[in-house]
Amino acid sequence: MLELSPVMPVVVVDDVADAVPVAEALVAGGIRVIELTLRTPVALAAIEAVAAQVPEIVIGAGTVTTPDEAKQAADAGAKFFVTPGCTDRLLEALFASGLPFLPGAASVSEAMRLAEHGVTAMKFFPAEASGGVAYLKAIAGPLPGLRFCPTGGVTIKNAPEYLALSTVGCVGGTWLTPRDAVAAKDFGRITELAREAAALR
Ligand code: 3PG
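When you line the sequence shown up against my numbering, it's residues 3 to 203, in that order.
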């Protein structure tokens, strides 16, 4: 999953009608994966619309925090899950789903706990607030087998520093789909931002 794109666009959709044009705008810019977050009442309908109408993009559900949310997202057509952190119940549900998932970890112990369960790819969240590039460099020694998708405070400016690390598979962020651009239906701007992000690696 970390190999699909240098950037995992983290998308918040307030109006379900925006989901398909946002996904198409990302595809037009060369980004073929989308993490649609379960943060608005229309999120599941948005996942369903993208899954049905934009086959060029791999649609995942983000901000999955409970087993129920994982089930609902899978039923809506999500092909993978991203979580901000992980609990025992959630991890069990994610494995049971049979779908790929990127669970969140922000500390060495959280990462080690996931690794104990066989998870080697995880979201490093919140990346900047947790120590950013310096933190990831520091833990690469003791945890060489793990790969991360740093998310939270990552931008087009600092993304190259993260992507230069051997333990970083991709970065995640909302900057490709600014909420104001989505609200203004400025899908051309999203394509431009996607093109810039797609060229990062
Ligand atoms: C996430 O849920 O992954 C973060 O909210 C993304 O953070 P960002 O807005 O700093 O990219």
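Positions of the beta carbon are idealized from the N, C-alpha and C atoms, including for glycine.
For M114, the enclosing alpha helix (DSSP H) has its first and last residue at V110 to E118. If you check the C-beta of F127 against the ligand 3PG, you find a heavy atom less than 7 Å away. Put simply, the stretch 109-123 touches the stretch 148-159. At least three CB pairs are less than 8 Å apart. Between V44 and V13 a beta carbon distance of about 12 Å is seen, past the 8 Å cut, so the two are scored as non-contacting. Apart from the 5 residues on each side of it in sequence, I49 sits with its Cβ closer than 7 Å to the Cβ of L38, I61, A63, A75, A78, G79 and A80 in its chain, given in chain order. Relative to the Cα of I158, the nearest Cα in the group L4, E5, V9 and M3 belongs to V9.
Proximity to V35 across A186, G87 and F82 peaks at F82, based on C-alpha coordinates. Between the alpha carbons of A131 and G87 lies a gap of roughly 14 Å. The beta carbon of L165 sits closer than 8 Å to those of P8, C172, V173, L202 and R203, all from its chain and outside the five residues before and after it, given in chain order.
With fewer than 16 other Cβ atoms inside 10 Å of its own Cβ, G190 counts as exposed.
I192 places its beta carbon less than 8 Å from that of L28.
Around the CB of V121, 16 or more other CB atoms lie within 10 Å, so the residue is classed as buried. Contact annotation: E194 and G31 have beta-carbon atoms nearer than 8 Å. CA-CA distance, V18 to L46, rounds to 9 Å. With respect to the C-alpha of A53, the residue from T42, R41, V66 and P23 having the closest C-alpha is P23. Counting along the chain, the unbroken beta strand (DSSP E) around V60 starts and ends at V60 to G64. In this structure, the beta-carbon distance from V110 to I59 does not fall below 8 Å.
In the three-state scheme derived from DSSP, where H, G and I count as helix and E and B as strand, G134 is classed as helix.
If only complete runs of 4 or more residues are kept, the stretch 27-107 shows the alpha helix (DSSP H) at 45-55, 69-78 and 90-99, in order along the chain. Residue range R181 to A185 is occupied by the alpha helix (DSSP H) that includes R181.
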